[in-house]
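What follows is a single structure, written as structure tokens, with notes after it.
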Amino acid sequence: VDILDQGALQRLFKKHSFMAVIHFAGLKAVGESVQKPLDYYRVNLTGTIQLLEIMKAHGVKNLVFSSSATVYGNPQYLPLDEAHPTGGCTNPYGKSKFFIEEMIRDLCQADKTWNAVLLRYFNPTGAHASGCIGEDPQGIPNNLMPYVSQVAIGRREALNVFGNDYDTEDGTGVRDYIHVVDLAKGHIAALRKLKEQCGCRIPYKVVARREGDVAACYANPSLAHEELGWTAALGLDRM
Numbered sequence: 623v624d625i626l627d628q629g630a631l632q633r634l635f636k637k638h639s640f641m642a643v644i645h646f647a648g649l650k651a652v653g654e655s656v657q658k659p660l661d662y663y664r665v666n667l668t669g670t671i672q673l674l675e676i677m678k679a680h681g682v683k684n685l686v687f688s689s690s691a692t693v694y695g696n697p698q699y700l701p702l703d704e705a706h707p708t709g710g711c712t713n714p715y716g717k718s719k720f721f722i723e724e725m726i727r728d729l730c731q732a733d734k735t736w737n738a739v740l741l742r743y744f745n746p747t748g749a750h751a752s753g754c755i756g757e758d759p760q761g762i763p764n765n766l767m768p769y770v771s772q773v774a775i776g777r778r779e780a781l782n783v784f785g786n787d788y789d790t791e792d793g794t795g796v797r798d799y800i801h802v803v804d805l806a807k808g809h810i811a812a813l814r815k816l817k818e819q820c821g822c823r824i825p826y827k828v829v830a831r832r833e834g835d836v837a838a839c840y841a842n843p844s845l846a847h848e849e850l851g852w853t854a855a856l857g858l859d860r861m
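Note that the sequence shown covers residues 623 to 861 in this note's numbering.
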């Protein structure tokens, strides 16, 4: 389904009863985004707005968004973590991902019934072990591993290394990579996390002590386990 095809999206949501959406749709080539910025803003931003509006109309308010490490721009420190500032993007692709992150945050702030997880990918690569699903671009690959594979089988003459004058150990760019299967498992974990959320904050206030309360009191259940073979099995999340 084309994310810009509002009618097709509407029909999809009417046909199926979704509990959550994993949003992968969009254009993703950094270099191409510099040459075609309007295409990237139109597809990535407009497409996401349409998707969110349709999700809202159908009461689907759980979202896992496919973001990108490009939202960090030029790193201020390494390795990057979630506390690193975002927004200093160096290309339209990264800017589109950053704008979408902000859009989702604003939506969740305005409507507390929304739940969202933002996953910032670095460099996904690899294929399923079955060989049935993987990356085999017909044109010039945008990612390193498919390019290496095509050189290895003789489809391309040589691997292009883009620059050797960076401030790194050997002058070439440094990246890290994540296997697509690990990435897929990360999305499942994100969905489980959303499922655990009750969707509301519990207000509380600190008041005076109750008469007769002690500072702390909790049990050592080891004897019950030794004598009875009994162990509590359900944690706080089930209480």
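Every residue gets a Cβ at the ideal spot worked out from N, C-alpha and C, and that includes glycine.
With fewer than 16 other beta carbons inside 10 angstroms of its own, H847 counts as exposed.
By the Cβ-count criterion, N782 is exposed, with fewer than 16 other Cβ atoms from all chains shown falling within 10 Å of its own Cβ. Bridge partners of Y743 according to DSSP: S690. In the DSSP assignment, V802 falls within the unbroken alpha helix (DSSP H) covering V802 to E818. Assignment of A855 by DSSP, reduced to helix, strand and coil, places it in the coil class. Annotation: the stretch 639 to 696 contains the following complete segments of the beta strand (DSSP E) (minimum length 3 residues), in chain order: 643 to 645 and 684 to 690.
The straight-line gap separating the alpha-carbon atoms of P659 and G753 is approximately 34 Å. Burial state of G793 is exposed, judged by a 10 Å Cβ sphere holding fewer than 16 other Cβ atoms. By the C-beta density criterion, F646 is exposed, having fewer than 16 other C-beta atoms within 10 angstroms.
Nearest to L634 by alpha-carbon distance, out of D661, L673, Y663 and N666, is L673. CA-to-CA, the gap between A837 and V828 works out to about 15 Å. When secondary structure is reduced to three states using DSSP, A780 falls in the coil class, being assigned neither helix nor strand. Distance between R831 and A749, taken at the CA atoms: about 59 Å.
Under the 10 Å beta carbon count, L740 is surrounded by 16 or more other beta carbons and is classified as buried. When rounded, the separation of the alpha-carbon atoms in A751 and K650 is 24 Å. Under the three-state reduction of DSSP, A738 is assigned to strand. Going by C-alpha positions, L816 is about 18 Å away from A732.
Contact annotation, I644 with V686: C-beta distance approximately 5 Å; criterion of less than 8 Å satisfied. Exposure of A679 is indicated by the presence of fewer than 16 other C-beta atoms within 10 angstroms of its C-beta. Shown here, R633 sits in a helix according to DSSP, grouped into three states.
A contact between stretches requires three or more CB pairs, one per stretch, nearer than 8 Å, and the stretch 841 to 856 fails this requirement with the stretch 712 to 732. Within 10 angstroms of the beta-carbon of T853 lie fewer than 16 other beta-carbons, which makes it exposed. Judged by DSSP in its simplified three-state form, P825 adopts coil rather than helix or strand. Annotation for P701: no alpha helix (DSSP H) segment contains it, and DSSP assigns it neither H nor E.
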